[in-house]
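Right, one structure below, let's go through it.
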Amino acid sequence: MKNCLLLILLTLMAFTGLSAQSSIRVQVASLLDDTPIASKWLYLTGDNDPRVLDSMQTNAKGLAVFENLTAGKTYSVYALDDTQYQAGILTGLSLKEGVLNAVLNLPSHTVASVGEILISSTSLVRMNTENAAVSGQMKKEELQRLPIEGRDVTRSLFRLPNVTVAILGYAEGPNISINGLNGIFTNYLIDGMDNNERFLGNMKFNTPVGFVENITVLTNNYSAEWGNTSNGIVNVLSRSGTNDWTGEAFYLTRPGAAVDAPSAFATLDLYGNPVKDGFQRHQVGASVGGPIKKDKTFFYVNVEQTYDYKDNLLNVAQLGVNEIVRGENRFTYASAKLDHVWSPSWRTSVRAQVGRFYNQRQGGGLEGGILFPSASSAQDNETYLLALRNQYKIGNKINGELNYQHSFFRWNYRQPVNETTPSVTIQNPAGTAIAIVGQSGAIFDDFEYTHQVQSKWLYRSGRHQFKAGLEFITSDFQLLGGGNPYGTYTVRLTDQQLTDMRNLNLGSALNVEHIPANVNVRTYDVELRPTTFGAIQNVYSAYLEDQWSVNNRLNLSLGLRWDYDNLSKGGGTKGDFNNLGPRASFNYKLDPRSVIRGGYGIYYDKIKYSVYSDNLQFSSNSEDFKKQLAELQRAGVLDANADLDRITFPGNIRATAPGVTFPNGPSPEELQVRRESQFTTNLRIMNPNGFQNPYSHQFSLGYQRKLTDEHLFLFDAVHTRTNNLYIIRNLNAPTPWVFDNPADFKVRPQASADSTRVVPIYRDAVGFYAVAEGNDTLRGIARNVFVTETAGIARYTAFNFMLQKSIGDNKIGYRLLYTLSWTKSNTSSINTRAQDSNNFDAEYAWDENDRRHVISAVLLYEPLSGLLISPTALIQSGQPVTRVADATVFGTTDLNGDGESFGLPADRWPGEVKSGDRLPWATTFDLSVRYQLKLKGTHLLEFSADIFNIFNAQNWSGYNTTRTVSNLSQIGPKSSNTYRLFSASPPRQFQFGVRYLF
């Protein structure tokens, strides 16, 4: 593998490969009639440095491009007075990745008096006159002014077009949804390079505000340069040092219950875990940047630390325990960047980021619980990213870059406090669980090592600008998962044993060694595979694009991208090679102040490694299971040509054993023989036909008008048709069960449902079994045989209207956004299963992230020098609701007897369709107030107060919450018009900070 990486790196270095640089594209035109001014000399300087860095003469279209500039730095461009036009200057040109477009309008001598200079500030709004990309951006200045919880920049992105607050598929899952899809389908980047935790799809490193120059979200119709997703892209541009010394030191706190409004519901910490009374947060950090050698070498360093404190209640009256259990979260972020200018044609940057995220599950519960600290655990994740970027310029026509990044992510989801002890659930004499002690009971510890190489080119020829690039990403995964290899017990105490244990007066210190040896063991199981497994994922990409300036009004972009992922082979022998994505767009300038633009493209995603891993972890290669698969082949539901050895794997299985004594249960080695005969409810196989990469057709049509120098109106209509999303098909599903009429509905018992399966499941005194050809009794089988297919679909349509005003002389700026959208899908994650007999047509409905209306407003008001007041509003129509069965009416929530209700707490109410109801609207107003006190020179002291949900609204949807505790499932039919709240939006909360800047 190392030799392969070295060969690829050396091969790419053989090219002078390079891509879109950071550059400034200046359009020079007459102030009077917007006529392009040709052959005009422009001069580039640093924003606070009068020395000329470069000069350029405009072409026949009045255009001049300054190339090979440093992202994150600020420049000025000026033109001198001549016989026809007066002088003019553009200041504050703060660069991001790619091209910054600027317009310099020069007044003629007949317009204004001699010697007057027109200053076109970059704070003025600008139209996109280049392409049809639908995107949004937050600059560091805006990020530092908005009310953002915990300096987490992702919590600002839902104020951009086509981005909403997401339902969390898992606690620490992505908190935004783009185009109505689950956030795991978003591609996260830093400086254009990979920042994905590639097992499932969140960010490796959530860059804090202090290291962000700007953050861009591409949602539709973007360049062929960007890919590895069928959905949107979030790209963080990191900060760089300059010739000026800058920095900050801060303290930020959420005091918690002392000032927050009370709520009957839990809220979430920054990692998505529920917290309640006793929660508080403290954050400290510092940044510094400047020159190591002026004009040559620059650095920027940022370090931020977060401490969360949280209380749970451990309450077991029968053991005399009633204690507060204190917990702690610790999040550490450290980032550094070094930029060096070797020559005007070559510069290099090195970026390093290290993070550790410790989230404690300390035991107890928010309202009281029976999990003792001895059975507690923590999510203890670690990551680092090391990136090397080289930017080149060859002559006046070729630019590019050659980049390499190595990254690591450890997703240690459950690190036990007592790693080498059994897990024990203690019951009272009546059989009610009263305590959980010992090991936490399950392990998930994934290691991911990733290498990435990029080579990009840009070539200019006349009116054409050609872009091309190659990319290779390889990730090595190793997962330790499954149950407890030291055994899991359920034990029942006698009255005397319960009394004796209570009299120990151990409180929360109760542990395994305090359980009597002669306790009655009710159940026992042990993990049979306490070892790691994994695979290597390789993703290859190439693209070519022509940005064609047809004339002074019309720009066309024509591109083609190709991607290949080796995991698309699945359990077969052939991968999905035909992932060719054409992209085309236009941008037409109707007049000097308005453009119309639009485009179409096909966008391919990578294969989720978790799909591949789950099919290994939850599989079995027992002979009985293979015989069951052979029966499915004979029935025609499994490909007759499938190689059963390729599609099965000796995954995690818990073996049971009867008649054991405590704590003397048999070891995994002693029970390995049970793998052949252990019945399992669910097993998976690898898809013998492989996977098709998810992809989308993206359409857009937009209009922009610059109403004034400070006002910009935008309209974008987008439509995204996503195909090949992941669903899970049950090859051994029971026959369908009719749910139409609640009046005469009858519940089907599980035994009846099992008898209708493709391979029927029966039960005798020994346990569950099936019968294969030749009257062969099979016991090491599964009730459900799952296979992942890429057959899911999603459809998103949106109309975005935005009015934006920059802060001008009247000291007021704002962004008003209204989105009207529709999102439908038949899958919301990688594990979606149909409620009844693989009927995915019935699952096609309004998606859980669907919002019909979203209104976002941001106001920036500076009434006095140094005082900034920033109120924001987020108003959303309610999310969809699915009506589910009531156990008090039907005697069970499993109406069709299949034992499944994946994604819902119960089967749907008879006659009700998925997402057939709606929750009420959600309205949230936040406020940020900041005051900067001027000290000596450029030194400032800032005081801030953020108030979230200032009016203390109790919203039922439109906030981050996990699917399992959301209000998206309601018991009873829609006609009952009854709702039960399982969660609610956070109440009014306060955040205070102080920051020193220079």
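Residue numbers for the sequence shown follow this note's numbering, so the first one is 12 and each next one is one higher. Glycine is no exception: its CB is placed at the ideal position from the N, C-alpha and C atoms.
Across the set G283, L263 and D288, the C-alpha of D288 shows the shortest separation from the C-alpha of A275. Taking the C-beta atoms as reference points, I696 is found nearer than 8 Å to G582. The stretch 348-368 makes contact with the stretch 388-404: 3 or more CB pairs, one atom from each, lie closer than 8 Å. Remark: C-beta atoms of R826 and V869 approach each other more closely than 8 Å. Excluding the 5 residues flanking it on each side, D536 has same chain C-beta neighbours closer than 8 Å at G494, G498, T499, R665, A666, T667 and A668, in chain order.
The three-state reading of DSSP puts G289 in coil, since its state is none of H, G, I, E or B. If you draw a 10 Å sphere on the C-beta of E681, you find fewer than 16 other C-beta atoms in it, and that means exposed.
Nearest to N850 by C-alpha distance, out of S711, P541, T746 and V729, is T746. In chain order, A143, N598 and G713 place their CB closer than 6 Å to the CB of R608, counting only its own chain and leaving out the 5 sequence neighbours on each side. Annotated three-state conformation of T975 is helix, per DSSP. Between the alpha carbons of G889 and S926 lies a distance of about 11 Å. If only uninterrupted beta strand (DSSP E) runs of at least 3 residues are considered, those enclosed by the stretch 399-479 are 409-423, 434-438, 444-449 and 453-472. When only Cα atoms are considered, N735 and E854 end up about 15 Å apart. Counting only residues of its own chain and dropping the five nearest sequence neighbours on each side, A764 has a CB closer than 6 Å to the CB of P745, G908 and D909. Secondary structure note for Y623: its alpha helix (DSSP H) is the uninterrupted segment Y620 to Q628. Just so you know, the alpha carbons of E108 and Y233 end up roughly 14 Å apart. DSSP places S763 inside the alpha helix (DSSP H), whose first and last residues are Q761 to S766. Membership of Q371 in the beta strand (DSSP E) is indicated by the continuous run W357 to R372.
When the five nearest sequence neighbours on each side are left out, the beta carbons in the same chain lying within less than 6 Å of the beta carbon of A347 are those of V312 and A363, in order along the chain. Rounded to the nearest whole angstrom, the CA to CA distance from G99 to L106 is 20 Å. If one requires a minimum length of 3 residues, the beta strand (DSSP E) runs lying completely within the stretch 767-827 are 779-783, 787-789 and 793-816, in chain order. Annotated three-state conformation of G494 is strand, per DSSP. Looking at the DSSP output, Y615 sits in a beta bridge with Y706. In this structure, the straight-line span from the alpha carbon of W857 to that of W833 is close to 8 Å. In the DSSP annotation of this structure, D937 is not part of any alpha helix (DSSP H); the continuous beta strand (DSSP E) holding it starts and ends at A933 to K945.
Take Y415, set aside five residues on each side of it, and the residues of its chain with a beta-carbon closer than 6 Å to its own are L399 and V464, in chain order. In this chain, the beta strand (DSSP E) harbouring M149 covers V145 to K150.
Rounded to the nearest angstrom, the Cβ distance from L879 to L871 is 7 Å, consistent with a contact under 8 Å.
Residue burial annotation: Y623 is buried, with at least 16 other C-beta atoms found within 10 angstroms of its C-beta. M67 sits in a strand when the DSSP states are folded into three classes. Note on geometry: alpha-carbon atoms of I613 and V892 lie some 32 Å from one another. Residue state for M138 is assigned as coil, using DSSP reduced to three classes. Residue pairing for Y829: DSSP places it in a beta bridge opposite F812 and I866. In the displayed model, I48 falls within coil according to three-state DSSP, outside both helix and strand. Three or more Cβ pairs closer than 8 Å define a contact, and the stretch 216-233 falls short of that threshold against the stretch 464-483. Residue A805 holds the alpha-carbon nearest to the alpha-carbon of Y706 among A805, W748, S621 and D625.
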